[in-house]
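Student: Got a structure here, written out as structure tokens. Questions coming.
Protein chains: 2
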Amino acid sequence: MSERRVTMADVARKAGVSPTTASFALSGRTDMRISDASRQRVLDAARDLGYRPNVTARSLRTKSTQTIGFVSDRITTTPFAGDVIRGALEAARERDHLLFITEAGGDRGAESSLVHALLDRQVDAVIYASMFTRYVTPPKELFGRRVVLLNCLAPGFDAPSVVPDELEAGRDAARALLAAGHTEGIWAIGGHQAVPATPEGIIAGNERMRGLEEVLRAGGARLDGVVECDWDTRDGHREVSALLAAGHRPRALVCLTDRVSMGAYQALGEAGLSVPGDVSVVSFDDQDIASVLRPALTTLKLPHYQLGRRAVELILGEGPLEAGVHRVPMPLQERASIGAPAQG
Amino acid sequence: MSERRVTMADVARKAGVSPTTASFALSGRTDMRISDASRQRVLDAARDLGYRPNVTARSLRTKSTQTIGFVSDRITTTPFAGDVIRGALEAARERDHLLFITEAGGDRGAESSLVHALLDRQVDAVIYASMFTRYVTPPKELFGRRVVLLNCLAPGFDAPSVVPDELEAGRDAARALLAAGHTEGIWAIGGHQAVPATPEGIIAGNERMRGLEEVLRAGGARLDGVVECDWDTRDGHREVSALLAAGHRPRALVCLTDRVSMGAYQALGEAGLSVPGDVSVVSFDDQDIASVLRPALTTLKLPHYQLGRRAVELILGEGPLEAGVHRVPMPLQERASIGAPAQG
DNA sequence: GCAACGTGCTAATCCGATTTAACAACGGAG
DNA sequence: CTCCGTTGTTAAATCGGATTAGCACGTTGC
């Protein structure tokens, strides 16, 4: 890509030493004795010539490319997934590594060929990522390789997983409601997704609900009901409208996603109910709309940035990777949608 | 990264030929004669052994790494930027290239060191991208390199730029309004951003307004007024409220971004005005909220996917890159926010 | 006075491919 | 029977570094 680069041989020549000496001087290794004078001459020559090592050439010998492969299904498309990449990027940069980002779009064939493309370029490790938390079976090419699973789980595949702590998030949602004084008239909208219409529910829904019910019960409160529906704005709107039409008068809504919350907001608004005056709302995900809605939505944030960062930190850590699940906390974003329970 | 890979030498040995022969047979080159028998034996051996070439080693000799560097300011953070990356990724994959994605976060020092990291790894070319259209000065390390500017312009820097066709988008907004019968009571909210409070306005605002006014005038219509404000929900809400409070009764609003449109929707709703019954709205960007708003917003889409794709197609094209601006169309997303002008 | 040792440095190899130069073997022309 | 061109193949060099083995040259110890 343009004029010839300065090589180490050029540096050695200018410094009047052998390439071997130059190599040791530049890498700063001490297991080979170089006089301070020689070392300094090499360093000066390198600086004067603007020498930069050819990482590709070095890798051939050392087997380490300082490069990580990142394989995802469709991660660039999801609204917040940029944060996963950013977290991974920043953690990698701090450690002088670069990331090959790839996206297979859910196509197994594409996935295999992308993994091959990565391995052909001698990546040091591979992050296998999913756009929502779920069970996966990584392509066989990754068996025996240095791999970290990001936002997914693969029982039987010997690699660590990094996932959001949905269980604790469910608990925190309950705690936030209890702290505001809510003990009755609490409904969950979105439910477990045990038989999932929206696949992202499989794991997140169960864990969020489990944590929620556990802490609610321990706090002397209970759920008046759980409405199972898709995790979308349209469903949130329809189900909350139906709930109100059936004569129920909820004091607090736990919406399983921000999109459901948005639909709930619309339904409550149409019924002349205010948030949080009449009904408190607590949600999950912290998508962009959460802070734009009025009142701003109190929600448990999916820690995308931290997920990406953590995966890289793990994969570049010392020693072999141990299978196991690393749960990343989902911080509560306290905004304006939770208030004291309405009277009457 | 695990057990020894099969090398070309292994393949040659198994096929009973020299590495030279194996190399030519595998690369399928015809400028060196290989008998069909030998070729077949090499191919069989490669298949049996599961041979995959070591791209790193090859690159050392050929100088081509089949790799592109992607440097951006903060592209992973913007809501739709994922599409830029996806477009670039897909175009690269079709051509058997991989992308090093990096993000400098607006820090010049980080930018330089990332570009170095890319060049040290012998990338074939570099895409220099901005999260919103603006003027940039790429780091000096990129001078003389194979570069394409994505969503930015750098006068004096000898490289092609790929940017959205904002001018034509402005024209299309006008055409959409004219087609629905609007000729008066048209206001632009957001304005030129000639003295930008939000930097993304610098180029987009001027061009959108220029195209808008040009076609409006040619169509016998005119703009009742232009409200200059930041491109945010809060500003859209405030300015449209003020407009109505001042006694104006717009028939159509051209909002310079979807966020402004969302604020406008809120203000119109509070004033008891309906979209598009009382007021038509046409917008720019096509962010996620555009399709979620009710009524769904008719808007001119920023062609992020196409921008990414186009940049890669250009950079991997034959021959030298010529400086010049490549404008990518912004398609009109026809939804439900434009109607016939209100009577009276 | 000579072996033993520490110091400072270099020649040679290697990593895994591509590419150049050359070399057998064979057939046909003269 | 020699010369020449074609065909098929390979030895060797190359890419830019890292690494191993070893070589001079003092200095020290006995």
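Line by line, the protein sequences are chains A and B.
According to the working numbering, the first sequence is numbered sequentially starting from 2.
According to the working numbering, the second sequence is numbered sequentially starting from 2.
Ideal Cβ placement from N, Cα and C applies to all residues, glycine included.
Keep in mind the model is a prediction, meaning the values are calculated, not measured.
If you compare alpha carbons, which of A:Ala-253, A:Ile-290 and A:His-238 is closest to Glu-271 of chain A?
Tutor: A:His-238
Student: Judging by CA-CA distance, which residue of A:Asp-166, A:Ala-246, A:Leu-150 and A:Asp-279 is the nearest neighbour of Glu-208 of chain A?
Tutor: When only C-alpha atoms are compared, the closest one is A:Asp-166.
Student: With a 10 Å radius around its C-beta and 16 neighbouring C-beta atoms as the bar for buried, classify Lys-302 of chain B as buried or exposed.
Tutor: Flag for Lys-302 of chain B reads buried.
Student: Measure the C-alpha to C-alpha separation of Met-263 of chain B and Ser-28 of chain B and round it to an integer number of angstroms.
Tutor: 57 angstroms
Student: Quick check: what's the CA-CA separation for Asp-32 of chain A versus Thr-68 of chain A?
Tutor: 26 angstroms
Student: For the structure I just gave you, are there three or more beta carbon pairs, one from the stretch 61 to 76 of chain B and one from the stretch 86 to 104 of chain B, closer than 8 angstroms?
Tutor: Contact between the stretch 61 to 76 of chain B and the stretch 86 to 104 of chain B is present, because at least three Cβ pairs lie under 8 angstroms.
Student: For Val-326 of chain A, count neighbouring C-beta atoms within 10 Å of its own C-beta (all shown protein chains included) and say buried if the count is 16 or more, exposed if not.
Tutor: exposed
Student: Going by alpha carbons, who is nearest to Leu-143 of chain A out of A:Glu-112, A:Arg-135 and A:Ala-170?
Tutor: A:Glu-112
Student: Please report the straight-line C-alpha distance between Gln-344 of chain A and Ile-204 of chain A, rounded to a whole angstrom.
Tutor: Looking at the two C-alpha atoms, the distance is approximately 36 angstroms.
Student: Run down chain A in chain order and give the residues with a C-beta less than 8 angstroms from the C-beta of Phe-25 of chain B.
Tutor: Here the premise fails: no neighbours, minimum Cβ distance about 19 angstroms.
Student: Looking at the unbroken beta strand (DSSP E) that takes in Val-164 of chain A, where does it start and where does it end?
Tutor: Residues 161 to 165.
Student: Is the beta carbon of Arg-42 of chain B closer than 8 angstroms to that of Ala-16 of chain B?
Tutor: yes
Student: Flag Asn-152 of chain B as yes if its beta-carbon sits less than 8 angstroms from any beta-carbon of chain A, otherwise no.
Tutor: Chain A, which has no Cβ nearer than 8 angstroms to the Cβ of Asn-152 of chain B, makes this no.
Student: Which partner residues does Ile-69 of chain B have in the DSSP bridge list?
Tutor: According to DSSP, Ile-69 of chain B bridges with B:Leu-100 and B:Ala-126.
Student: By the three-class DSSP mapping on this structure, what secondary structure does Gln-267 of chain B have?
Tutor: helix
Student: Using a beta-carbon distance below 8 angstroms, is Asp-121 of chain B in contact with chain A?
Tutor: yes
Student: For the stretch 275 to 309 of chain B, enumerate the residues whose C-beta is nearer than 9 angstroms to any C-beta of chain A, in chain order.
Tutor: Gln-288, Asp-289, Ile-290, Val-293 and Arg-295
Student: Just mark Leu-304 of chain B as buried or exposed, buried being the case when its beta carbon has 16 or more other beta carbons within 10 Å.
Tutor: The identity of residue 304 of chain B in the sequence shown is Pro, whereas the question assumes Leu. Looking at its Cβ environment, which holds 16 or more other Cβ atoms inside 10 Å, Pro-304 of chain B is buried.
Student: Measure from the C-beta of His-193 of chain B to each C-beta in chain A and report whether the shortest distance is under 8 angstroms.
Tutor: Interface with chain A (8 angstroms Cβ-Cβ cutoff): His-193 of chain B is excluded.
Student: Does Val-56 of chain B have its Cβ less than 8 angstroms from a Cβ in chain A?
Tutor: yes
Student: Look at the alpha carbon of Arg-146 of chain B and the alpha carbon of Ser-65 of chain A, and state the distance between them as a whole number of angstroms.
Tutor: 26 angstroms
Student: CA-CA distance, Gly-182 of chain B and Ala-243 of chain B?
Tutor: 26 angstroms
Student: Output, in chain order, the set of chain B residues within a Cβ distance shorter than 7 angstroms of Arg-87 of chain A.
Tutor: Thr-77, Thr-78 and Glu-104
Student: Looking only at its chain, what residues have a beta carbon closer than 6 angstroms to the beta carbon of Met-2 of chain A, apart from the 5 residues adjacent to it on each side?
Tutor: Unreliable positioning characterises Met-2 of chain A in this predicted model, as indicated by a pLDDT of 47, which lies under 50. The coordinate reading is nonetheless provided below. Excluding residues within five positions, none has a Cβ falling inside 6 angstroms.
Student: Which same chain residues, not among the five before or five after Val-12 of chain A, have their C-beta less than 7 angstroms away from its C-beta?
Tutor: Ala-23, Val-43, Ala-46, Ala-47, Leu-50 and Tyr-52
Student: Can you name the residues of chain A whose CB is closer than 8 angstroms to the CB of Ser-60 of chain B?
Tutor: Thr-57
Student: Determine the burial state of Glu-240 of chain A: buried for a count of at least 16 other Cβ atoms within 10 Å of its Cβ, exposed for fewer.
Tutor: Burial call: buried.
Student: For Ile-203 of chain A, does the three-state DSSP call read helix, strand or coil?
Tutor: helix
Student: In the DSSP assignment, what residue or residues form a beta bridge with Val-148 of chain B?
Tutor: Note: Val-148 of chain B sits in a beta bridge opposite B:Val-127.
Student: With 9 angstroms as the C-beta to C-beta threshold (strictly closer), list the residues of the stretch 250 to 272 of chain A near chain B in chain order.
Tutor: Flagged, chain order: Arg-260, Met-263 and Gln-267.
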